[in-house]
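Asks: Residue numbers (the numbering used here): 6 to 211.
A virtual CB, placed ideally from N, CA and C, is assigned to each residue, including glycine.
To start, I am sharing the structure in question, which I have written as structure tokens.
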């Protein structure tokens, strides 16, 4: 297989649609969170980690492979059955800035933009659902303690709807983007501990 990309920019509707499923998001998260060096996974190993039936994963793995988001790293025969190992094709994903408005001028532009918008909304929903699924599993298993006395053990959760001056909105936007950039730039280390973060901030026009 080709060398794993550090960053892939998602700038086409088909790739966006491939990402618009909670299980596929979960598969990619698991495969990219396995350490600094990409790990090759079998469907059986992925199913065990995600708590899903193995047979349920095959069509999703095929979809991700066709979109170039994962690749087959190894194929071998095990007890007469073909077994494949899959690896993420990139370490990080980022949505292209012009994705929702990049269609060519013409009668299909509105249709393409509508499909891209639906896929983007589904992607955000899928990412949130995947994050919630992982958070719930960690809570129920005791791996995360919401009552922990140690700040480093206690999760941080916040929901807020406020009205503040435009200058403060800009300041929070800047600080949030700095946080995202800092986390994004942090190298993954094999001896490190897992950290799961989902950040969303928006200020709609009125």
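Need the endpoints of the alpha helix (DSSP H) that residue 86 sits in, please.
Replies: First-last for residue 86: 86-93, but that is the beta strand (DSSP E), not the alpha helix (DSSP H).
Asks: Measuring alpha carbon to alpha carbon, tell me which of 12, 22 and 52 ends up nearest residue 72.
Replies: 22
Asks: Look at residue 95 and residue 79 and say whether their C-beta atoms are less than 8 Å apart.
Replies: no
Asks: How is residue 78 classed by DSSP in three states: helix, strand or coil?
Replies: strand
Asks: Just to check my reading of the structure: residue 54 and residue 35 have Cβ atoms closer than 8 Å, yes? What is that Cβ distance to the nearest angstrom?
Replies: 6 Å
Asks: Can you tell me whether DSSP reads residue 38 as helix, strand or coil?
Replies: coil
Asks: Looking at the secondary structure, which residues open and close the beta strand (DSSP E) in which residue 18 lies?
Replies: Premise fails: residue 18 lies in the alpha helix (DSSP H), 18-23, not in any beta strand (DSSP E).
Asks: Grab the span of the beta strand (DSSP E) containing residue 12 for me, first residue to last.
Replies: 10-15
Asks: So, is the C-beta of residue 120 closer than 8 Å to a C-beta in chain B?
Replies: Absent here is chain B; the protein component of the structure consists of one chain.
Asks: Please report the residue range of the alpha helix (DSSP H) in which residue 171 lies.
Replies: 171-190
Asks: In chain order, what residues of the same chain have a beta carbon less than 8 Å from the beta carbon of residue 75, not counting five sequence neighbours either side?
Replies: 32, 33, 36, 66, 69, 91, 92, 93 and 94
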